[in-house]
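Single-structure report; data block below.
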Amino acid sequence: MRGFSDEERERIRTDLEEAGRKLFAQFGLQKTTIADLTDEVNIGTSTFYRFFDSKEDLYLAVLESESEEVAQRLAQQEALSSDDPHEVVSALLHFIFDEIETNPLIRQLIVSDELDRLRAYQSEEAREEERQSDIDSIRAFTDRLVEAGRIYSDDPELVASSVAAIPYFTLHEDDIGTERYPEVRDFVIETFARGLVADD
Numbered sequence: 001m002r003g004f005s006d007e008e009r010e011r012i013r014t015d016l017e018e019a020g021r022k023l024f025a026q027f028g029l030q031k032t033t034i035a036d037l038t039d040e041v042n043i044g045t046s047t048f049y050r051f052f053d054s055k056e057d058l059y060l061a062v063l064e065s066e067s068e069e070v071a072q073r074l075a076q077q078e079a080l081s082s083d084d085p086h087e088v089v090s091a092l093l094h095f096i097f098d099e100i101e102t103n104p105l106i107r108q109l110i111v112s113d114e115l116d117r118l119r120a121y122q123s124e125e126a127r128e129e130e131r132q133s134d135i136d137s138i139r140a141f142t143d144r145l146v147e148a149g150r151i152y153s154d155d156p157e158l159v160a161s162s163v164a165a166i167p168y169f170t171l172h173e174d175d176i177g178t179e180r181y182p183e184v185r186d187f188v189i190e191t192f193a194r195g196l197v198a199d200d
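Just so you know, we're using the UniProt record's numbering here: the sequence shown kicks off at 1 and counts up by one.
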C-alpha cells in the first residue's frame, strides 16, 4: 500500500472533515456511516482508518474545528466588552442560543442524543477537559465583572457554570411549544441576566 505525500494527507484529512461537517449536520452521528463519509471524498474504507480511528473520532475533530470558528465569532461580539453585567450575560446567552438554533452541526449535537453518544465514546478526562474549556470560554467575559463586584457572586466558576447551564433550555423547545418558545427563551435570558447583577 503506497503512502501519501504530506499534501495528499492534508487534502484527504480536510476533505474528510468537510464531509463529516456536512453529513453529521444533516444526518447525525448515528445515521452517518463510514461508507457515507468515504463515498463523499472518493476514498476506500481502509484509507479512512489511516486518518481516524472511528467516525466518532472524526466527529470530535469536526467539533474542535467548529468550536474554534464559534470562538472567533464570539470574540467579535461588541456587547461582550461592556461594563454592564446584564448586557454582557444577555449578549453571551443570545449568542449561544443563536448558535444552537441556527448552526446545524451544533443543533444536531445538542438537541439530538449525539452529545450523550460522544460522551460515552470519550474518556472521563477528555469530557472534563471539554467541560472546563466551555466554562473557561465564558469566564473570559465574566471574570472581570465578578472581580469588580458587578455580579451577584464572588465565585467566577459558579457564575460561568450557571451561564453554561442556561442554553440546555433548548432541549425543551417541544415541551414549551414551538410558537411560545422564542418569547419564553428571551424572558429566561433576560431574567437570568438581570438576576446576576449585584445590588449597588
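Ideal Cβ positions, reconstructed from N, Cα and C, are used throughout, including at glycine.
All values derive from a computational prediction rather than experimental measurement.
Checking the sheet assignment: what are the DSSP bridge partners for V197? When DSSP reads this structure, V197 sits in a beta bridge with I151.
For the alpha helix (DSSP H) containing D84, list its first residue and its last residue. Counting along the chain, no alpha helix (DSSP H) covers D84, and no H or E run does either.
Hey, L37 and L16 are a contact pair by Cβ (cut 8 Å); roughly how many whole angstroms apart? With a Cβ gap of about 6 Å, L37 and L16 count as contacting.
Which residues in the same chain as P167 place their Cβ atom closer than 8 Å to its Cβ, once the five residues preceding and following it in sequence are excluded? Exclusion of the five residues before and after P167 leaves L93, I96, F97, I100, I110 as the residues of its chain whose Cβ lies within less than 8 Å of its Cβ.
Below 8 Å, can you find three or more Cβ-Cβ pairs linking the stretch 142-152 to the stretch 117-124? No, because fewer than three Cβ pairs between the stretch 142-152 and the stretch 117-124 fall closer than 8 Å, the two stretches do not touch.
Helix, strand or coil for Y181? Go by DSSP, reduced to three states. Helix, per DSSP.
Under 8 Å Cβ to Cβ from E130, same chain only, skipping five residues before and after it: list those, please. Correct list, in chain order: Q122.
Uninterrupted alpha helix (DSSP H) stretches inside the stretch 116-142 (no shorter than 4 residues): Counting whole runs of 4 or more residues, the stretch 116-142 contains no alpha helix (DSSP H) stretch at all.
Helix, strand or coil at S5 [DSSP, three-state]: If DSSP states are grouped into helix, strand and coil, S5 belongs with coil.
When you compare the CB positions of P85 and V188, do they come within less than 8 Å of one another, or not? In this structure, V188 does not lie closer than 8 Å to P85 by Cβ.
Contained alpha helix (DSSP H) runs [length at least 4] in the stretch 86-112, N- to C-terminal order: Note on the stretch 86-112: whole alpha helix (DSSP H) runs with a minimum of 4 residues are 104-111, in chain order.
Cβ contact check for the stretch 133-147 and the stretch 55-66: 3 or more pairs under 8 Å: Result no; under three Cβ-Cβ pairs closer than 8 Å.
Measuring alpha carbon to alpha carbon, tell me which of A25, Q77, T170 ends up nearest L60. If we check each option's Cα against that of L60, A25 comes out closest.
Between E40 and A71, which are expected to be in contact by the criterion C-beta below 8 Å, what is the C-beta distance as a whole number of angstroms? With a Cβ gap of about 27 Å, E40 and A71 do not count as contacting.
For I189, name the three-state secondary structure that DSSP assigns. DSSP places I189 in helix when its eight states are reduced to three.
Please say whether D143 and P156 have beta carbons closer to each other than 8 Å? Contact: yes.
F27 versus E7 - alpha carbon distance: When rounded, the distance between both Cα atoms is 30 Å.
Just how far apart, CA to CA, sit L105 and D199? Spanning the two alpha carbons is a distance of roughly 39 Å.
Rounded C-alpha distance that separates S81 from R194: Distance between the alpha carbons of S81 and R194 is about 17 Å.
Between the CA atoms of L145 and E114 - distance to the nearest angstrom: The straight-line gap from Cα to Cα measures roughly 34 Å.
Quick one: Cα of R127 to Cα of R9, how far? CA-CA distance, R127 to R9, rounds to 28 Å.
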